[in-house]
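K.L.:
With the numbering used here, the residue at position 4 of the sequence shown is 11, and numbering never jumps. Ideal Cβ positions, reconstructed from N, Cα and C, are used throughout, including at glycine.
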Amino acid sequence: MVEFKLENPDKHDKKREELKGKIITLPELVDYAEGTVASRMIINNKAGSITVFSFDENEGLSEHTAPYDAVVTILEGECEVWVAGATLQMKAGQTIIFPANAPHALSAITKFKMTLTMIRG
């Protein structure tokens with residue numbers, strides 16, 4: 008399991024700027040990396056952030072909380088999520104909202120990719 012940390016807002020601004028005004032295919036923005044979790048933040052500002060993640064099989068994010076609602080959409084593959092004591096399985100095309108301050112975690116059943124959208128309140 009990987010510990011969840013928000014990226015430094017000033018890091019990689021130029022790479023994010025290069026995405027603006029172009030058609031992008033979200034799963035293509037981050038490759039799978041053997042034995043780990045990879046990510047690419049595509050938006051990060053005062054209002055919130057959008058990050059694309061890839062998870063190798065059996066990898067995940069350890070339980071944590073966030074001060075804002077977190078919207079997760081599965082782009083490909085399957086995972087298991089835990090939110091406020093409930094365990095759910097998710098697959099490509101499905102979305103879940105983790106409520107602000109609710110403990111949550113996730114783990115790959117297969118390799119999978121997801122987007123994480125955080126809107127600061």
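Note down, in chain order, each residue of its chain lying with its Cβ closer than 6 Å to the Cβ of GLU14, except the 5 sequence neighbours on either side.
P.N.:
Note on GLU14: pLDDT 48, under 50, position unreliable in the model; the coordinate value appears next. MET48, listed in sequence order.
K.L.:
Could you tell me which of ILE103, PHE119, SER114 sits nearest to MET125, measuring between CA atoms?
P.N.:
Checked all of ILE103, PHE119, SER114; the closest Cα to MET125 is ILE103.
K.L.:
May I have the straight-line CA-CA distance separating PHE60 from LYS118, to the nearest angstrom?
P.N.:
Distance between the alpha carbons of PHE60 and LYS118 is about 11 Å.
K.L.:
Does the contact criterion of 3 or more C-beta pairs under 8 Å hold for the stretch 59 to 77 versus the stretch 34 to 42?
P.N.:
Touching, yes, given that three or more Cβ pairs across the two stretches are closer than 8 Å.
K.L.:
Quick one: what does DSSP say GLU35 is sitting in, helix, strand or coil?
P.N.:
Reduced to three states, the DSSP call for GLU35 is helix.
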